[in-house]
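Some notes on the structure that comes next.
In the working numbering, the protein residues as written are 1105 to 2105.
Laid out in structure tokens, this is it:
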């Protein structure tokens, strides 16, 4: 290895460019293989970077230095010196190689380098050499939109002025005569717009900061200036793009479309207000509505011919962007239909196969932009396209879009008919899903296809989302169109959502007969929706009449629900597993109209009550089922509670069920727990039968609850089917939530709530130094748990009377933290610290996993830095550890001896490393069935009065707690707290909640 390094050193010192490049390539190969070639660093820096050499050699030498684990104290001066000198090199290829290396530099080196090289960068952007202009455009387009640079510009006015000038020059270069430079400028503008919304490039950067308000304001100003330039010169830019090669034309589409969309929708004014919050002179509109429409139409006319191109990526890019223009105010459905037809043509020709998921996502997301007839015609075809998608997340998102569109079309068409318009055939939910393959899947009992479970779950969860209040959106766009159509269809009525939900439960009825190998999530979703509809329409009271005040729609819906219940009761005989049978009996028994049964058919086996009781008998006496088809403890508990409810409601049901329970108690199928519970149920039925007028209301009231779930304790039930159910539930819930209740972007928050929505209070700073230390350091951190990164912000104050020429800040890590650049420590070099003048510094680290972690800050003073001699400072280092001694020996001798200040560790709270779990109230209450108990509630009252506290546990002759019960019992509060908990194991659990009641005169 030593001979190889010596040979490479010899080749690097030669003046032959070919030998130098081959030696550098060989060094990079050895470095990639894991071998230590750090001995080559100084030779590569002095002989290649700091000396005249070819552009290829300089780039290879730069890559080699960045790949070596060099300390920043050695690496940073080498990088800055070599890059700064190469910028003014006569050879444009060398200067281009230097400027192309800017995006790969650490963040803390950028401000000084960009400020000192601003004249050279401006000269490169105006250089007659095409290669130098292209390198400058490419480098700046990768560097300027990033979070770290935008945040630096917000605190550095000089750097902000330079960056604004560069962005103006980049926009002008979109009209450059060289095709490559023009395409690069268009791509730079596209990156700026994309970073404002998604910040993808900032997430990929190495040493990056957590975003702040300043970075958003800076980037908003750049975007607003770029949008104004594109909009004002759109005709020149359109003409320039027409003479570009086809392969370069694709990058020009997005900037033109995005600028037109921002102007037409008025978002550009919001960007101006973000950039200058206090400026009240910003007009609401730059042009009239007619001029906006004409400008948007010009861009659409420019793009429309390219939909028939033979280049699939170009067709897709143009189609996606035309869909965006169809969504702006004044957009036409014809634009959307032309784009979707072109995109679907790619699917039919089996071209662009690598983007199959993206094609389906684009069509499904923008389906609402079409007119009603075209939506209906595309619906069944889109279902078949979704079925064939491989990626589960894309399939779930497309299914969520399809289900929401189905509900939207159904509601919109029905409301239009109510208002006197001509009905459009095939717009109801039943007709939309009347596809041959879909019907085969739904009606097949033993099909192994998971798509049908995903479809049923997505449909039902969409109905639950429709039952919630629709979000209010003030801005125009995709979401506002969908919400507007849903609001038009429901009329903001409380129960109008139940009409498409009735169609859904009728379409998905065959799911109760499925044999899903133990999976129950889709069937549970269906039965939850059925129970909710039955509870809303009070089906246990029978079909209402006009004399009772019911409307025609209510009578029709209740009749449909009753017929559906009768059909499900007949389907009970064909249900495959006891687990599903018990859940179906629960869903039907509580809400079925027993009083409406014909007493003359009491002995008929086809009587609904007889069918229910015969299936309850099968479940009670079933002991042969496997764990995947039956959860016997839960199934028997559910049947016994259903028996109590049915027997308390109807005399004939009570009589039949008493015989069944007596027989069950006497059999060997019942254990001690179920025997005791059967005895309790029999006593309840007997009491209700003997005292029909003194019945306790709580026994027979419908609760509308469906306590079953696929959730199981993994320690007790390690079933593959439960794991598949949890995975499917996670995918469906994520897709539904992202579609119906998406997290608002920064621009959306600003448009709806104003600039105040982004104001964040900085966390409280923590002091890391002692009272007698020569330096005062305080720190606070910003955490981004989504990306797994933490930025530590330090404020350093020199408390001595001396001006310190150099101070190094070293940050060590413990726990789950790591440096993104791969080094074992990070160093920030500070120069010329004046007394009592605070200096800001920051460092960003990543978090690998959830663990207690800390950051350890060391401050190294160099009081003799720059004096030219060795240090005269004599400190007592006898007790220093060996690691510190090695650090001191490794220091460069001209720095002098350092003074080391060790600060207190900065501990990161564990809560900062956790992602918040967002959970809707409905999902929260669905967590209760996952417990191994039937949970209701109980309460302990705390009475406060007369200046002392008294509870039932206190020893008083007459407890004020007991005297207050009579007055409380008539209030709803008492009804909430008067329940008990009964576990599946048969014993009772106390679940106490303290309620503090304030009694005021």
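All C-beta atoms, glycine included, are put in the ideal place defined by N, C-alpha and C.
Just so it is clear, the structure is predicted and the values come from calculations on it, not from any experiment.
So, using beta-carbon positions, are residue i and residue j closer together than 9 Å?
i	j	result
residue 1562	residue 1636	no
residue 1470	residue 1442	no
residue 1440	residue 1426	yes
residue 1935	residue 1910	yes
residue 1967	residue 1908	yes
residue 1238	residue 1200	yes
residue 1640	residue 1602	yes
residue 1957	residue 1920	yes
residue 1877	residue 2014	no
residue 2007	residue 1947	no
residue 1360	residue 1327	no
residue 1275	residue 1225	no
Between which two residues does the beta strand (DSSP E) carrying residue i extend?
i	result
residue 1945	1943 to 1951
residue 1962	1957 to 1965
residue 1881	1879 to 1888
residue 1916	1908 to 1918
residue 1212	Premise fails: residue 1212 is in no beta strand (DSSP E) and is neither H nor E.
residue 1150	That residue, residue 1150, is in no beta strand (DSSP E); it is neither H nor E in DSSP.
residue 1899	1893 to 1902
residue 2012	2010 to 2012
residue 1172	Unbroken run through residue 1172: none, as it is neither H nor E.
Could you spell out where the alpha helix (DSSP H) holding residue i opens and where it closes?
i	result
residue 1115	1106 to 1117
residue 1241	1234 to 1247
residue 1144	No alpha helix (DSSP H) contains residue 1144, which DSSP labels as neither H nor E.
residue 1677	Careful: residue 1677 lies outside any alpha helix (DSSP H) and carries neither H nor E.
residue 2004	Run containing residue 2004: none in the alpha helix (DSSP H); it sits in the beta strand (DSSP E), 2003 to 2006.
residue 1378	1371 to 1379
residue 1641	1625 to 1641
residue 1407	1393 to 1407
Among the residues of its own chain, which have a CB less than 8 Å from the CB of residue i, if the five just before and after it don't count?
i	result
residue 1736	1682, 1726, 1727, 1729
residue 1819	Because residue 1819 sits at a pLDDT of 40, beneath the cut-off of 50, its placement in the model cannot be relied upon, and the following sentence gives the value as read from the coordinates. Counting only Cβ-Cβ distances below 8 Å, and skipping sequence neighbours, we find nothing.
Among the options, which one has its Cα closest to the Cα of residue i?
i	options	result
residue 2012	1767, 1917, 1741	1917
residue 1324	1740, 1251, 1933, 1779	1251
residue 1832	1559, 1766, 1923	1559
residue 1495	1465, 1517, 1519, 1522	1465
residue 1332	1348, 1364, 1343	1364
residue 1548	1534, 1511, 1616	1616
residue 1608	1536, 1591, 1623	1536
residue 1677	1723, 1542, 1424	1723
residue 1842	1126, 1698, 1501	1501
residue 1411	1437, 1428, 1393, 1444	1444
residue 1779	1213, 1769, 1788	1769
residue 1684	1619, 1665, 1671, 1642	1619
Going along the chain, which residues of its own chain have a beta-carbon closer than 6 Å to the beta-carbon of residue i, five neighbours each way excluded?
i	result
residue 1119	none
residue 1901	1880, 1942
residue 1700	1646
residue 1273	1229
residue 1113	1147
residue 1423	1443, 1446, 1447
With a threshold of 7 Å on Cβ separation, who are the neighbours of residue i within its own chain once the five nearest residues in sequence on each side are excluded?
i	result
residue 1691	1631, 1634, 1635, 1810
residue 1507	1562, 1563, 1566
residue 1124	1115, 1116, 1118, 1152, 1157, 1161
residue 1122	none
residue 1717	1760, 1761, 1764
residue 1248	1267, 1270, 1271
residue 1801	In this predicted model, residue 1801 has a pLDDT of only 45, less than 50, meaning its place in the structure is not dependable; the value taken from the coordinates is given anyway. Counting only Cβ-Cβ distances below 7 Å, and skipping sequence neighbours, we find nothing.
residue 1233	1196
Nearest chain B C-beta to residue i closer than 9 Å, yes or no?
i	result
residue 1201	Any reference to chain B falls outside this structure, which holds one protein chain only.
Please confirm if the segment 1650 to 1662 is in contact with the segment 1703 to 1714, defined as three or more CB-CB distances below 8 Å between the two stretches. no
For the 8 Å Cβ check, are there 3 or more pairs between the segment 1218 to 1231 and the segment 1949 to 1960? no
Could you tell me whether the segment 1477 to 1491 touches the segment 1821 to 1837, using the rule of 3 or more Cβ pairs below 8 Å? no
Report yes or no: do three or more beta-carbon pairs, one from the segment 1256 to 1264 and one from the segment 1237 to 1244, lie closer than 8 Å? no
Tell me, please, whether the segment 1413 to 1420 touches the segment 1365 to 1381 by the rule of three or more beta-carbon pairs shorter than 8 Å. no
Is the segment 1161 to 1170 close to the segment 1193 to 1209, with three or more CB pairs under 8 Å? yes
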